[in-house]
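> The UniProt record's numbering numbers the first residue of the sequence shown as 1 and each following residue consecutively.
We put the beta carbon where it would ideally sit given N, CA and C, even for glycine.
Bear in mind that the values here come from a model prediction, so they are computed numbers and not experimental data.
Structure in structure tokens, see below.
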Amino acid sequence: MGFNATVLYPNEPDTTFDMKYYLSNHMPLVEERFKKYGLKSWEVIQYYDTAAGGSSAQQQKQSGEEKPPFVTGCTLVWDSPDQLGAAMSSEDAKPVLDDIKNFCNKGPVFLGGQVVGKSST
1 MGFNATVLYP NEPDTTFDMK YYLSNHMPLV EERFKKYGLK SWEVIQYYDT AAGGSSAQQQ
61 KQSGEEKPPF VTGCTLVWDS PDQLGAAMSS EDAKPVLDDI KNFCNKGPVF LGGQVVGKSS
121 T
């Protein structure tokens, strides 16, 4: 059914995250470097605490509200874990990983998993 890699950026008190840079520079770089290894698509999620009425993590941080553990996440869609492994072990991974410092001051958490169920609605 596919393989998803999820990249999560921690939402700590001193976290800075530049969403504009992430969307307009980093994600196009990811696509350019990893598409040849089988990257099918990607999706970026900005996390909110639903108990806070949908305030963004950045707004919650400023107001002192309870915040989600991650400010942003990205799902990368592949056909297999081997494709992700090939991309991450290639020379193409270096500029992608080196770019993180340009939009976030925290290292991301990486998760990977096999898709075991899916809805088409």
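Give the straight-line distance between the Cα atoms of F70 and Y37, rounded to the nearest whole angstrom.
27 Å
> My output table needs one value for P10: the three-state DSSP class, helix, strand or coil.
strand
> Which residues bound the beta strand (DSSP E) around V44?
41-46
> Rounded to a whole number of angstroms, what is the C-alpha to C-alpha distance between S120 and M1?
Whole-angstrom Cα-Cα distance: 12 Å.
> Given this structure, state the Cα-to-Cα distance separating D49 from N11, to the nearest angstrom.
12 Å
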